[in-house]
Every structure is written in C-alpha cells, then in structure tokens.
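With the working numbering applied, the sequence shown corresponds to residues 48 to 474, in that order. Ideal Cβ positions, reconstructed from N, Cα and C, are used throughout, including at glycine. Input: a single structure, listed below in structure tokens.
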Amino acid sequence: MTGVAAITLGTAMCSVSTLLGLAVIWRFPTPFGYILNIVPYVLFLSTFTILVIGPRVLQRSPVLREQINSQLLIIVSQGGVVGCFTIFSAVFNLLSGTQQTIFILVMPLIKFVTKQNIANVAESYHEYVGPVVVFSVDLFNVFYASICMQASKSIMTTVIIMAADSFHLMLALQAIFHQTRNTATLPKPKSQSFIQELLSLMEKDVEVHPCGRRARLLAPFPLPLSDESRQVVMRFTRTGTFTNDTVINRRRSTKRNPGTNNSTNTATQNNQTAPSSAMVPLGPLASNTQDNNDTTKATSRDIIVDGLHTLFHSEYILLAEYIEFIIPMLYAPYLVALFHLPIAAYYPSTASMTLHKLKHTVTSFLIYGTIEFAAFVALVVVLKRKFGFSPLYQLAFVLETHMFAVQGHLFVWTITILHLTLAHYGL
C-alpha cells in the first residue's frame with residue numbers, strides 16, 4: 048500500500064509541476080496543456096513504478112516486465128483516446144452548422160480506430176477486454192456525443208449521432224447472428240437455453256483432443272464465482288482442452304467450498320490460469336486420419352467456440368448500450384448543477400448559457416437517453432429470444448463481479464472528461 052501511495056503522489060506532483068512549468072515558461076492557460084501532459088505523465092508513472100518495485104526485481108523477472116509493459120501500453124493508448132476526442136471537440140466548436148454536420152462523421156471513425164487499438168494492446172486482460180474498451184472508448188464517445196449535441200448548431204448533427212449509434216448496434220447484432228450460424232444444431236429455447244446446451248456440449252467434448260480454435264475462458268483476476276461455476280471452470284482447465292499450459296498469470300475464484308482442502312485449493316490455483324494471449328488456444332488441429340466420430344466431435348468443438356465468442360460479443364454489446372443510455376441521464380443533472388455554480392463561467396458549454404437554453408439542452412439529453420434506453424430494451428428482447436435466457440444476467444454479472452474495476456474506470460474517466468473543457472486546460 049505504501050508503494051501504491053508513493054507512485055500515486057509522485058506521479059501526481061510531478062505532472063502538476065510540469066503543467067505549472069509550462070504555464071510559467073510559455074503562457075496560461077497553456078494551449079492543449081492537458082494533452083501535452085500525457086507523455087510526461089506516462090514517463091513519471093513508469094519511473095516511479097520502476098523505483099518502487101526495484102530495478103533488480105524487474106531484471107530478474109521477465110514476466111513482471113511483460114506485465115508492466117502491457118499496462119503502460121494500455122495507459123498510453125487510453126491517453127491517445129483522450130487526445131483524439133479532445134482535438135475533435137476543439138475543431139467541432141470552431142465550425143459552422145453545416146460543417147459540424149459533415150465533421151461529425153469523423154467521430155465513428157475515431158471510435159472504431161481507438162477501439163481496435165485498445166483491444167489489441169489489452170490482450171493480457173483476456174475476457175476483461177470488453178469492459179476495458181467500453182469504459183474507455185465507448186464512455187468517451189457517449190460523453191462527447193452529448194457535448195457535441197449541446198454545442199451543435201443544426202438538428203441534423205443530433206440526427207446523425209443517433210443514426211450512427213443505431214448503425215453500430217445493427218452491425219453488432221448482425222455479427223452475433225452470423226457467428227451463431229454453426230450453432231443451428233442446438234435445441235430451441237423451449238427445451239434448453241443456449242448456455243445450458245453449450246455447457247452440455249462442453250461436458251461431452253471435454254475429454255477429446257482439442258481443436259485449433261481459440262476462445263476467451265478465464266478472467267485476468269479473481270472473480271467471486273459460485274461453487275458450481277468454479278467447479279465447471281476447474282473441470283475444463285484440468286483437462287487442458289480449454290486452457291493453455293504456457294501461462295504468465297495465475298488467477299482463481301475468491302469463493303471456495305466449505306469442505307475444500309489445501310490440495311484442492313492448490314489444484315485450483317494451478318489450473319485456473321490466464322494465458323499469455325487474449326484468446327485461449329484450444330490446441331492443435333485434428334489430423335486427417337481421424338474417423339467420422341472424431342470429425343463429429345471436432346464439429347461440436349467448433350459450435351462450442353462459436354458459442355463462447357457469441358456470448359462474449361453479447362456481453363460487450365450490452366455493456367456498450369448500457370453506457371449509451373446511462374450517461375445522457377447522468378449528464379443532464381450534472382449540467383443543471385454546473386449551471387448554478389460560479390465555476391460555470393469557465394466552461395464553454397455553460398459560460399453564455401441562458402435558462403431557456405439549459406431547459407432545451409436538458410430536454411434533448413433526456414430524449415436521447417430515452418431513445419437509447421428503448422434500444423437497450425429492444426436489444427435485451429432480441430438476445431433473450433436468441434439465447435433462451437435473459438442477457439441482463441450477463442450485464443449484472445459484469446457489474447457485480449467487476450464492481451471495483453468498473454467503478455474505478457467510471458470515476459477516473461468521468462472526472463477527466465467533464466473537466467477537459469475547463470478553460471484552465473486551454474482546450
């Protein structure tokens with residue numbers, strides 16, 4: 048804990064000192080000062096992390112070096128997200144109504160590029176890649192969509208923003224339905240749900256030779272799983288069919304059976320592991336000499352992997368849609384509170400805002416949030432009919448088991464985004 052405090056205080060003090068130095072040497076407010084401070088911030092964070100851990104410890108542990116490098120890459124990439132959306136917002140505010148309507152088409156492109164970049168550098172997070180992307184890129188996109196709607200001079204800009212969100216949702220749903228084409232042999236939800244049949248297939252297939260497909264199976268950190276869920280994961284990881292022996296991190300559930308002995312706990316820790324890649328290898332391809340029975344089993348394994356991929360994408364879409372209707376609902380009361388504070392004069396969005404404009408803006412946000420909520424409900428209904436169980440369980444599982452990580456992301460990024468337009472940052 049002392050080391051964490053040293054890294055936090057050291058990085059914060061040096062970063063603020065850098066901003067003060069820029070203001071003294073150059074001018075205040077420093078143009079794009081927050082953006083210019085991203086690189087020094089990462090350097091200070093890296094330096095203090097190395098000093099606290101110890102250079103000798105890092106030299107002796109290649110695994111630790113790899114983990115730290117991975118985390119720093121993620122931080123740098125998230126800093127790039129801040130820079131991209133901030134520059135976009137600055138340019139957007141300088142344009143006329145027609146120009147804003149055209150320029151808003153750049154936002155989906157920024158979202159796509161930054162999302163792919165975060166997903167690539169966050170490979171070591173395994174199945175947590177989805178929440179990392181959602182609570183960074185998607186969170187920024189929704190906030191800046193709201194900010195652009197507030198600053199837009201044409202109603203067409205708002206229409207395009209909503210149309211772009213709907214288009215992305217349709218593409219995501221199409222990907223899910225396309226990915227489940229190999230699961231047509233699964234029984235309909237009337238007899239068994241999608242996930243129940245998937246578990247049944249995994250039980251039957253767990254002892255056969257693995258195929259060459261890959262799927263995310265394990266989390267990068269302990270999760271409070273139920274005893275039944277933990278036993279299922281243990282059973283699959285023991286076989287080696289759905290996990291990999293070449294690992295760099297070891298993680299296990301935080302819940303144990305009351306009667307579990309030490310040897311069982313050790314087995315759990317040694318087997319429930321997180322692989323070094325974002326996707327869990329399922330082994331080499333089956334040889335051409337296998338009989339028809341093995342071919343049938345290989346087909347069932349393809350169904351299993353497609354099913355796991357589908358559930359992963361379903362979880363990601365649910366998180367993204369959840370953010371898209373929650374943020375406008377939260378931003379509206381924030382704007383009302385900010386309007387009545389003295390500091391409102393230092394925010395471009397509220398500096399010259401009248402009470403009439405405030406009411407109109409808040410109404411627009413509430414309408415936007417209501418539309419997104421309707422889209423979320425429609426998504427839940429569609430996925431429920433597809434899978435045979437309520438996808439709200441997936442959303443609840445992520446929000447509950449990843450509670451501290453999710454709250455951390457929301458707190459840090461929300462504070463960062465809402466203060467970025469402050470005049471003192473020169474943006």
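{"Check": "Going by the beta-carbon positions, is the gap between residue 182 and residue 467 smaller than 8 angstroms?", "Outcome": "no"}
{"Check": "Leaving aside the five residues before and after residue 191 along the sequence, list all residues of the same chain whose C-beta is less than 8 angstroms from its C-beta, in chain order.", "Outcome": "132, 135, 136, 154 and 464"}
{"Check": "How do the region 201 to 219 and the region 418 to 428 stand: do at least 3 beta-carbon pairs fall below 8 angstroms, yes or no?", "Outcome": "yes"}
{"Check": "I believe residue 176 touches residue 158 by the beta-carbon criterion, under 8 angstroms. Please report the beta-carbon distance rounded to the nearest angstrom.", "Outcome": "Actually they are not in contact, since the Cβ atoms of residue 176 and residue 158 sit about 16 angstroms apart, beyond 8 angstroms."}
{"Check": "Assuming residue 158 is part of the alpha helix (DSSP H), what are its boundary residues?", "Outcome": "153 to 168"}
{"Check": "Name the two residues that bound the continuous alpha helix (DSSP H) containing residue 188.", "Outcome": "186 to 198"}
{"Check": "Can you tell me where the alpha helix (DSSP H) holding residue 113 begins and where it ends?", "Outcome": "109 to 141"}
{"Check": "Quick one: using the 10 Å Cβ neighbour count with 16 as the cut-off for buried, is residue 277 buried or exposed?", "Outcome": "buried"}
{"Check": "Is there contact here, the region 384 to 394 with the region 351 to 360, by at least three beta-carbon pairs under 8 angstroms?", "Outcome": "no"}
{"Check": "Specify the secondary structure class of residue 273 as computed by DSSP and reduced to three states.", "Outcome": "coil"}
{"Check": "I think residue 145 touches residue 199, with their Cβ atoms under 8 angstroms apart; what is that distance to the nearest whole Å?", "Outcome": "At roughly 11 angstroms, the Cβ-Cβ gap does not stay under 8 angstroms, so residue 145 and residue 199 are not in contact."}
{"Check": "Is the beta carbon of residue 130 closer than 8 angstroms to that of residue 241?", "Outcome": "no"}
{"Check": "Using alpha carbons as the reference points, say which of 195, 394 and 350 lies closest to residue 411.", "Outcome": "195"}
{"Check": "Applying the criterion that 16 or more other CB atoms from any shown protein chain within 10 Å of the CB defines a buried residue, is residue 56 buried or exposed?", "Outcome": "exposed"}
{"Check": "Does the Cβ-Cβ distance between residue 168 and residue 105 come in under 8 angstroms?", "Outcome": "no"}
{"Check": "What separation, rounded to the nearest whole angstrom, lies between the Cα atoms of residue 270 and residue 429?", "Outcome": "28 angstroms"}
{"Check": "Please name the residue in 112, 405 and 365 whose C-alpha comes closest to that of residue 441.", "Outcome": "365"}
{"Check": "From this set, 460, 385 and 469, which residue's C-alpha is nearest residue 393's C-alpha?", "Outcome": "469"}
{"Check": "Once DSSP output is grouped into helix, strand and coil, what is the label at residue 400?", "Outcome": "coil"}
{"Check": "Note down the Cα distance separating residue 256 from residue 433, rounded to an integer number of angstroms.", "Outcome": "Because residue 256 sits at a pLDDT of 44, beneath the cut-off of 50, its placement in the model cannot be relied upon, and the point is left open."}
{"Check": "With 16 as the cutoff for other CB atoms within 10 Å, does residue 49 come out buried or exposed?", "Outcome": "exposed"}
{"Check": "Which class does residue 465 belong to by DSSP, given the choice of helix, strand or coil?", "Outcome": "helix"}
{"Check": "With a cut-off of 8 angstroms, do at least 3 Cβ pairs link the region 66 to 84 to the region 95 to 112?", "Outcome": "no"}
{"Check": "Just mark residue 449 as buried or exposed, buried being the case when its beta carbon has 16 or more other beta carbons within 10 Å.", "Outcome": "buried"}
{"Check": "Considering only residues of the same chain and omitting the five flanking positions on each side of residue 189, which have a CB-CB separation below 8 angstroms?", "Outcome": "370, 371, 374 and 375"}
{"Check": "Going by CA-CA distance only, name the one from 68, 69 and 54 that's closest to residue 95.", "Outcome": "54"}
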